[in-house]
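S.K.: The sequence shown runs 3 to 157 under the numbering used here.
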Amino acid sequence: MDNWRRIDIDALETDNHLSKEDLIPDLPPVSNEEILSLSKQCRSALSSGQFLQALTLALDTPPYVSDEKTKELHSETVFEVLCSIKNNHNINDLSNFVKQLDSNQQDTLVKYLYKNMSTSYGAKQGGLLLHWFEKTVEVTGLGPIVRFMADRRTV
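(1) From F53 to I93, what does the alpha carbon distance come to, in whole angstroms?
(2) Could you check the C-alpha separation between N98 and S120 for me, to the nearest Å?
(3) Give every residue of the same chain whose Cβ lies closer than 8 Å to the Cβ of S77, excluding the five residues on either side of it in the sequence, and list them in chain order.
(4) Determine the closest residue to D109 out of H91, A125, W134, with distance taken between C-alpha atoms.
(5) Taking its Cβ as the centre, do 16 or more other Cβ atoms sit within 10 Å of S39, making it buried, or is it exposed?
(6) Would you be able to state if there are at least three C-beta pairs under 8 Å between the region 77–91 and the region 21–32?
(7) For L111 and C44, what's the separation of their Cα atoms in angstroms?
(8) At what residue ranges does the region 30–118 contain a whole run of the alpha helix (DSSP H), taking only runs of 4 or more?
(9) Specify, as a first and last residue, the run of the alpha helix (DSSP H) that H1 falls within.
(10) Around the Cβ of Y66, are there at least 16 other Cβ atoms within 10 angstroms (buried) or fewer (exposed)?
(11) Note down, in chain order, each residue of its chain lying with its Cβ closer than 8 Å to the Cβ of K88, except the 5 sequence neighbours on either side.
(12) Would you identify the three-state DSSP class for D28, choosing helix, strand or coil?
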């Protein structure tokens, strides 16, 4: 047994392998119609000047168990809310918005910041997302980033 360093132990323990179904969180599925309705509510709140309400509404109901089209639609809605807040407020006011969110909403915000950074429209508005990211980390510390990396629930 001179080649003991070349043994793939993970291949020997098949009980420890996770399937794709095992990674799906135990949450109720969210339909595309629910996200469309939520998107309309967020736009209505933005048009009436209720920016914090629109942000909390968008961050309270992420579609963890849904198809990619629905997740993308909600990601665009969150991006639209973030852009609207940034366009109507000073950069320093972003910290106040983050402070008014609870810890779950802050974690979800970090998830959407990362997701939107990886899109084409997010790349065009990278400065905006980086401002939000900076203010979020300034308020929350590194906890939401660590939880984002360890969480199986994807947005």
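A virtual CB, placed ideally from N, CA and C, is assigned to each residue, including glycine.
M.R.: If we stick to the structure as given:
(1) 14 Å
(2) 26 Å
(3) Y114, K117, N118, T121, V157
(4) W134
(5) exposed
(6) no
(7) 15 Å
(8) 34–49, 53–62, 70–90, 96–101
(9) With the chain running from 3 to 157 in the structure shown, residue 1 is simply not present.
(10) buried
(11) L96, L130, H133, W134
(12) coil
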